[in-house]
Amino acid sequence: MSLERGKMPQETARDSNAETDYGITRLDYAKSKGWWVRLYRPGSKKPDASKLFSDSAHNGYEAARIAARKWRDEKMAELDIQPRKWDGNGHFTMYSRNRSGKIGVRLCHDYKAGRISRVYWEAKFMVNGKQRVRSYSVRKYGYECAWRLAIAERQRHDGEPVPDTVPERPDWLVAVAATEGLTL
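Going by the numbering used here, the first residue of the sequence shown is number 507, and it counts up by one from there.
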């Protein structure tokens with residue numbers, strides 16, 4: 507694929523279905539048009555498998571899409587890559603950068619004097635076009651209750667469904683709880 511200097515290919519989600527086109531992006535650029543498959547393992551920033559299925563090489567838009575889906579399915583089985591889970595609104599529920607199960611909610615910690623001094627669940631949301639943040643202390647509310655409060659706060663502002671299960675406690679938090687006497 508040749509690119510003009512200073513121009514990037516345009517990726518679109520035209521006619522894309524989130525479930526059937528997992529890992530597949532439509533690429534429309536000058537003379538290069540096709541379906542681009544990129545598969546990632548959890549936590550990976552670079553694709554473990556990537557291939558472009560051009561419309562011209564596969565005799566059309568739909569044939570290229572079918573070939574891309576077939577190759578994707580074969581590669582996912584070969585590399586043992588599981589598709590990420592959706593919440594029904596087009597968002598991923600869990601992925602390498604979101605362990606809370608809800609977009610806009612994360613587990614945070616502050617350092618003071620070289621050690622973790624504060625652990626809390628944080629909910630970010632928009633109010634009148636401005637970003638707001640609300641935090642809930644794990645020390646004060648406990649791990650699960652602080653998570654539920656943050657999830658409820660975020661849900662109150664975006665109205666989207668919330669997960670049922672509490673995420674597992676990370677190893678670093680269990681270690682901090684043991685040394686600091688924190689109740690989880």
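A virtual CB, placed ideally from N, CA and C, is assigned to each residue, including glycine.
Residue j beta carbon less than 8 Å from that of residue i
i	j	result
Ala570	Gly540	yes
Tyr617	Trp627	no
Glu659	Ala629	yes
Pro669	Lys576	no
Ala555	Lys581	yes
Residue i burial status per 10 Å Cβ neighbour count (16 or more: buried)
i	result
Val543	buried
Asn595	With a pLDDT of 45 at Asn595, under the threshold of 50, the modelled position of that residue is not reliable, and the figure given next carries that caveat. Exposed, since its Cβ has fewer than 16 Cβ neighbours within 10 Å.
Arg621	exposed
Thr685	exposed
Ser623	exposed
Gly529	buried
Gly610	buried
Ala619	exposed
Ala563	exposed
Which listed residue (the options) has its alpha carbon closest to that of residue i
i	options	result
Leu545	Ala563, Trp653 and Gln588	Gln588
Tyr649	Val625, Asn634 and Gly665	Val625
Leu585	Gly529, Arg547 and Gly665	Arg547
Gln573	Ser550, Thr526 and Asp534	What sits at residue 573 in the sequence shown is Ala, not Gln. The option with the nearest alpha carbon to Ala573 is Thr526.
Pro553	Ala656, Ala652, His663 and Arg578	Arg578
Asn634	Lys557, Asp664 and His564	Asp664
Lys651	Gly529, Arg532 and Arg675	A quick correction: the sequence has Cys, not Lys, at residue 651. Among Gly529, Arg532 and Arg675, the Cα nearest to that of Cys651 is on Arg675.
Asp534	Asp561, Thr671 and Lys636	Asp561
Cys614	Phe631, Asn565 and Arg640	Arg640
Glu568	Lys557, Lys551, Ser550 and Arg532	Arg532
Glu666	His564, Asp677 and Phe631	Phe631
Thr671	Tyr647, Ile657 and Lys636	Ile657
Arg662	Arg638, Trp678 and Ala683	Arg638
Unbroken alpha helix (DSSP H) run spanning residue i, endpoints
i	result
Thr584	Note that residue 584 is Glu in the sequence shown here, rather than Thr. From DSSP, the alpha helix (DSSP H) with Glu584 extends over Tyr567 to Leu585.
Ala619	Counting along the chain, Ala619 falls outside any alpha helix (DSSP H), and DSSP gives it neither H nor E.
Asp677	Asp677 to Glu686
Range of the contiguous beta strand (DSSP E) that encloses residue i
i	result
Lys646	Looking at the DSSP string, Lys646 is not in any beta strand (DSSP E); the run it does join, the alpha helix (DSSP H), is Val644 to Tyr647.
Ser560	Ala555 to Ser560
Val543	Ser538 to Leu545
Thr531	Ile530 to Tyr535
8 Å contact criterion, which residue i and residue j should meet: CB distance rounded
i	j	result
Leu688	Arg645	6 Å
Pro673	Arg605	5 Å
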